[in-house]
Amino acid sequence: MARKYDVIVIGGGHNGLVHAAYLARAGLDVCVLEARPLVGGATVTEEIFPGFKYSVFSYVVSLMRPEIIRELELPRHGLAILPLESTLTPLPNGDRLYRDADHYRTWREISRFSIRDAEAYDEYGRSLFYMARAVKYLLDIVPPDPARLSPGDISGMLRLGRHFLGLEPDQLHLLVKLMTMSSADFLEEWFETDVLRATLSASGIIGTFLGPRSPGTAYVLLHHYMGEIDGHFRAWGFAKGGTGAVANAIASAAREAGAEIRTGAPVARVLVKNGRATGVALANGDELRAKVISSSLDPHRTFLDLVEEDQLPDEVVQGVRAYRFRGSSGKVNLALDAAPDFSCNPGHGPHLRGAVSISPSIDYLERAYDDAKYGDFSREPYIDIVIPSAIDPGMAPPGKHVMSCFVQYAPYELREGTWDEKREAFGDTVIDTLARYIPNLKDIILHRQVVTPLDIERTTGLSQGNIFQGELTPSQLFFLRPVAGYAKYRTPVRGYYQCGSGTHPGGGIMGAPGKLAAGVVMGDLGRGRRAGSGQRAGRERRAGRGPGSKHAPGSKHGLGRG
Amino acid sequence: MMKKYDAVLVGAGHNALVSACVLARRKWKVLVLEGRPVIGGAATTEEIFPGCRVNVAAQDAGLFRRDLASELGLDAHGLEWVRPPAVATSLIGGGEPLTLWRDPASTHDEIASHSRADASRFAEWADYQHSMARVLRVALDHPAPALHDLTRRERIRLLRPMVQAARLGRRRVVELLRVLPLPARDLLDDWFAGEALKGMLASTALPGASQGPSSMGGAFRMLYHATGNQAHGFRSSAFLKGGLGTLSEALVAAARAHGAEIRTETEVDRILVEDGAATGVLLASGEEVTARCVVSGLDPRRTFFGLVGAPRLGPEFNRKVGNIQMRGTTAVLHLLLDALPPLRNAEQRLAGHTLIAPTLDYLERASDDAKYGRCSSRPHLDIVIPTLHDPTLAPAGRHLASIQIRYAPYHLRTGTWDDPATRGALLDSVLDVLDDFLPGTRERIVDHRLLTPLDLETIFGLTCGDEYHGQMGLDQLLFMRPVPGWARYRTPVDRLFLCGAGTHPGGGVTGVPGRLAAREILQSAQRLPGDNS
């Protein structure tokens with residue numbers, strides 16, 4: 016019989032890999048099982064069309080926790096992040112809104128629409144910077160469970176309270192507004208220019224099944240503001256070699272630490288014996304044993320597919336059933352014979368090295384959402400474009416380009432027809448929409464890859480194609496992610512853990528779930544440090560708390576008292 | 215000039231009257247000033263049609279706290295509660311109507327005829343809704359936590375509600391936190407399959423917001439509307455013999471019984487402020503009324519911009535008041551009918567709320583129109599026929615129907631509410647919907663009166679026609695209501711207090727803001743000069 020690992024990690028997405036890397040570095044015998052022939056999950060680069068490298072799904076990097084980049088020494092493993100310099104928002108009337116790092120150029124550009132907004136723009140950026148900093152505290156802690164009264168949870172809640180009540184009143188109120196308002200209403204308090212509101216609110220709808228006028232989108236706005244590259248907030252970057260380079264770097268770090276990574280090894284189910292996970296059964300029938308099984312798959316697959324429901328309490332099953340995915344976005348990846356020529360900004364220029372956002376007005380985005388609400392893909396979708404080859408020439412042959420178009424809304428559940436029937440129509444809609452702003456587009460397309468929510472689900476296994484492994488709505492965040500009582504990466508099955516984006520703090524190429532989960536696993540194994548409830552891993556490290564800190568709340572689920 | 219009153223209250227809406235009662239019972243010398251000839255604010259019953267007593271705006275008294283009514287001894291002043299057998303009836307174009315009865319067994323059978331699964335779950339839902347509403351009510355019926363300065367006294371005050379909530383079960387509290395932000399659609403999809411049932415339940419999430427069932431916070435509003443008397447799975451609902459106005463009249467009687475003065479047709483021109491403190495009010499007549507404190511039952515924007523004046527308040531506070539989301543989206547149509555609309559067993563079925571909310575998508579599309587500043591082409595209707603609770607409200611054989619119409623946005627993209635064409639178009643769309651869902655109604659109309667959001671503003675002084683004095687979104691609750699940092703009924707002007715629906719916990723005929731405001735005022739009494747013993 017095969018040897019017994021300490022930990023088996025199901026899924027080789029970026030969180031699974033981060034999880035594995037940290038556990039391996041703690042001296043554990045770790046094995047990662049990835050169904051696909053390549054690691055990365057939704058963070059992959061693939062040469063779908065000869066000579067052209069597509070970041071097939073996820074396409075920009077920013078949320079990746081800097082301490083993970085540091086601790087895993089990802090740059091040494093080949094991670095290089097090239098900053099996206101600007102955001103261009105073309106308008107139907109041929110005008111545009113162009114924003115970049117150059118403060119004065121951006122000021123002049125916005126002041127063409129409104130001096131008042133140009134003035135407010137900086138203060139807005141500052142405020143969200145502070146908000147993001149206040150919230151970032153949450154990215155580094157294991158959520159305490161307010162329904163339990165274990166010492167760890169109580170102290171965690173208290174620490175939490177102290178942190179947020181320590182904020183200036185105005186900041187606290189701004190934070191509450193961000194948690195509860197719609198991005199449109201929130202931005203209306205700041206700006207009067209529709210296009211500025213629209214293009215800013217766009218980052219509030221990404222990955223959600225909500226429109227800019229739906230409450231809750233302001234939080235997603237903030238979530239995307241927590242991006243950080245070399246300490247620069249709101250810095251969005253592009254990984255040299257495509258998003259896959261991120262996963263490859265983490266994988267290499269994990270391997271160097273001794274982790275074994277098996278690709279093409281889909282897991283059929285988790286083996287459970289008297290309420291304890293003992294190993295996994297692969298699709299090919301092989302069985303692998305381990306003390307700990309960590310699933311980086313989304314909650315639906317982790318709880319309802321990999322283990323038998325009768326292993327779980329009813330409220331957990333109901334909770335996971337009520338947990339919402341609702342994939343709402345697709346991708347169109349293009350191989351281009353030449354650079355796209357924007358009518359609002361003809362020829363080459365820095366705008367090609369930035370993001371281009373098709374979000375001309377709030378109503379435009381809201382209408383796009385209305386279509387999806389009733390089960391159709393948007394007739395005029397929101398599109399977020401980057402041209403990786405303009406930043407990293409290696410992505411396409413000389414003079415040619417790859418263009419990545421993130422598209423919303425593409426509802427997973429269509430009112431009529433299937434995505435297999437609608438795929439090309441969806442692609443045409445996107446191209447037609449783009450052609451209004453890029454007249455030469457249709458003539459220079461060499462190849463196009465249309466990725467529907469169904470394709471995302473089929474390829475990466477993300478339920479309903481939700482890129483965040485579940486909506487980032489207040490009902491599914493922090494101690495409620497994925498379900499109340501199991502937000503600490505444990506599950507009702509002893510020795511079975513979660514480490515994917517379906518857990519706190521959620522989606523995006525962030526790595527935080529994988530790292531925090533690793534802390535909990537190590538704690539339960541009595542190995543290395545553990546990120547106890549509400550405790551900052553960082554502070555704890557400095558404090559140098561040893562194995563199994565004072566308390567191990569709920570460790571009956573783990574191995575602490577196994 | 216000597217100070218004549220301990221407190222002068224601006225506006226005689228039900229919340230101000232509750233405050234007046236509470237203060238008067240503490241031997242305060244109280245004066246209530248109402249600009250209109252009738253008291254009650256939006257909770258009035260007036261003769262709109264000759265010989266008829268019509269609930270002009272608000273219809274339902276189910277949210278008014280019973281413990282408050284008994285504390286103030288209102289029943290002694292002639293309140294007669296009517297709880298018709300039907301809680302609500304949803305009309306489904308063509309199909310059989312769906313009625314929720316006060317008697318659970320009848321409700322079960324009724325739903326079972328549409329969906330067996332839903333029928334068996336409904337009782338469970340009613341319990342769930344009740345338990346959630348009870349936890350929520352703890353937060354609503356206590357002062358909002360002043361998170362910005364948690365003094366020792368604050369912490370102690372916070373303990374009571376926290377303990378109360380914890381008693382109801384910590385898991386429940388966590389579940390409430392999960393549920394509150396949910397869209398009504400998501401919450402109901404988790405419970406039921408039947409579109410008709412979901413549509414009718416979701417309709418209780420619409421008042422107080424301009425958003426449809428798919429928007430976050432709907433679940434909160436559903437539960438908010440269930441924090442009064444037993445909601446039976448729908449919403450707290452109860453009517454009054456003689457109309458909702460009798461509640462206001464009872465409050466006036468109770469206040470007068472304790473020596474409070476109430477003056478109607480007394481327009482307040484502005485609130486007098488001397489070195490940062492309110493000293494009284496100036497009446498439109500030019501008369502000055504001085505008092506130890508001024509309490510405004512008007513909505514915050516009208517109070518601060520209309521009566522105090524922005525220059526006295528400072529830019530930061532003005533920005534906050536300007537940012538309060540006030541979005542009237544409701545119009546009211548009153549009908550005088552020469553007979554009940556033709557419907558089998560109409561006396562029974564139409565005695566509660568009669569709803570045009572056949573599906574979630576119907577409500578969703580109605581709200582879509584409002585998003586783009588249009589009236590709903592197919593509006594959602596909430597019909598109440600008070601003559602089924604008290605026939606004497608109209609001449610013999612006649613019936614009254616008061617219809618809440620959603621959505622009719624105050625801010626129109628095109629056209630204005632003064633334009634007869636706009637009103638006509640809205641009226642037509644309502645009558646068309648009635649023809650489809652309650653055919654034969656049109657033929658029975660003897661007289662009608664349409665109140666647009668603009669009318670609600672001009673008649674009742676509701677800014678933007680927002681009957682909740684500010685949207686009931688998650689961002690305008692608790693310590694965020696009326697504006698962040700001023701949730702304790704106090705204002706930047708010393709000795710000026712708020713007590714209206716614009717304050718915590720919010721709108722609806724609950725009486726809670728008035729009650730909590732009065733308590734806050736009594737607590738700060740020692741800071742007020744003069745002696746009120």
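Note that the protein sequences, when read in sequence, are chains A and B.
Numbering-wise, my numbering comes out as the position in the first sequence, counting from 1, plus 15.
Numbering-wise, my numbering comes out as the position in the second sequence, counting from 1, plus 214.
Just so it is clear, CB atoms sit at the ideal spot from N, CA and C, and this is done for glycine as well.
- Within the model, the alpha-carbon separation for residue 586(B) versus residue 640(B) is close to 16 Å.
- At least one beta carbon of chain A lies nearer than 8 Å to the beta carbon of residue 699(B).
- At least 8 Å separates the beta-carbon of residue 422(A) from that of residue 269(A).
- Excluding the 5 residues flanking it on each side, residue 135(A) has same chain C-beta neighbours closer than 8 Å at 205, 206, in chain order.
- With a threshold of 8 Å between beta carbons, residue 209(A) makes no contact with chain B.
- Within the stretch 61-82 of chain A, no residue places its CB atom closer than 7 Å to a CB of chain B.
- The straight-line gap separating the alpha-carbon atoms of residue 599(B) and residue 452(B) is approximately 13 Å.
- At least 8 Å separates the beta-carbon of residue 519(A) from that of residue 67(A).
- In the DSSP annotation of this structure, the continuous segment of the alpha helix (DSSP H) that includes residue 38(A) starts and ends at 29-40.
- Under the DSSP assignment, residue 381(A) falls in the alpha helix (DSSP H) whose first and last residues are 377-388.
- In chain order, 231, 488, 489, 490 make up the part of chain A whose C-beta sits under 7 Å from the C-beta of residue 395(B).
- DSSP, reduced to helix, strand and coil, places residue 51(A) outside both helices and strands of the structure shown, so it counts as coil.
- With respect to chain B, the C-beta atom of residue 191(A) has a partner C-beta closer than 8 Å.
- Excluding the 5 residues flanking it on each side, residue 366(A) has same chain C-beta neighbours closer than 8 Å at 101, 103, 113, 357, 360, in chain order.
- Three or more Cβ pairs closer than 8 Å define a contact, and the stretch 348-360 of chain B falls short of that threshold against the stretch 124-134 of chain A.
- The Cβ atoms of residue 325(B) and residue 333(B) sit closer than 8 Å to each other.
- Annotated as proximal: residue 282(B) and residue 725(B), with beta-carbon spacing under 8 Å.
- Counting of Cβ neighbours within 10 angstroms places residue 628(B) among the exposed residues, the total staying below 16.
- DSSP places residue 276(A) inside the beta strand (DSSP E), whose first and last residues are 275-277.
- Cβ-Cβ distances below 6 Å link residue 597(B) to 568, 615, 617 in the same chain, with the five nearest sequence neighbours on each side left out; the list follows chain order.
- Judged by DSSP secondary structure, residue 252(A) falls outside any alpha helix (DSSP H) and instead within the beta strand (DSSP E) spanning 252-254.
- Residue 586(B) carries a coil assignment under DSSP once its states are collapsed to helix, strand and coil.
- With respect to chain A, the C-beta atom of residue 294(B) has no partner C-beta closer than 8 Å.
- In terms of Cα proximity to residue 492(B), the closest of 240(B), 277(B), 721(B), 712(B) is 712(B).
- Sequence-distant Cβ neighbours of residue 450(A) in its own chain, meaning closer than 7 Å and more than five residues away, are 456, 457.
- Apart from sequence neighbours up to five positions away, the residues of its chain that approach residue 549(B) with a beta-carbon distance below 6 Å are 615, 659, 662, ordered along the chain.
- At a C-beta separation below 7 Å, residue 325(A) has no neighbours in chain B, since its nearest C-beta there lies roughly 22 Å away.
- Taking the C-beta atoms as reference points, residue 226(A) is found nearer than 8 Å to residue 381(A).
- Distance between residue 192(A) and residue 233(A), taken at the CA atoms: about 8 Å.
- Within the same chain, and ignoring the five residues on either side of residue 490(B) in sequence, the residues whose Cβ sits closer than 6 Å to its Cβ are 708.
- With contacts defined as CB atoms closer than 8 Å, residue 321(A) and residue 284(A) qualify as a contacting pair.
- By the neighbour-count criterion, in which 16 or more other beta carbons inside 10 Å mark a residue as buried, residue 679(B) falls on the buried side.
- About 20 Å separates the Cβ atoms of residue 33(A) and residue 253(A), ruling out a contact at the 8 Å cut-off.
- The three-state secondary structure of residue 124(A), taken from DSSP, is helix.
- Linking residue 416(A) to residue 477(A) through their CA atoms gives a straight-line distance of about 28 Å.
- Scanning 484(B), 685(B), 737(B), 736(B) for the CA closest to the CA of residue 717(B) turns up 685(B).
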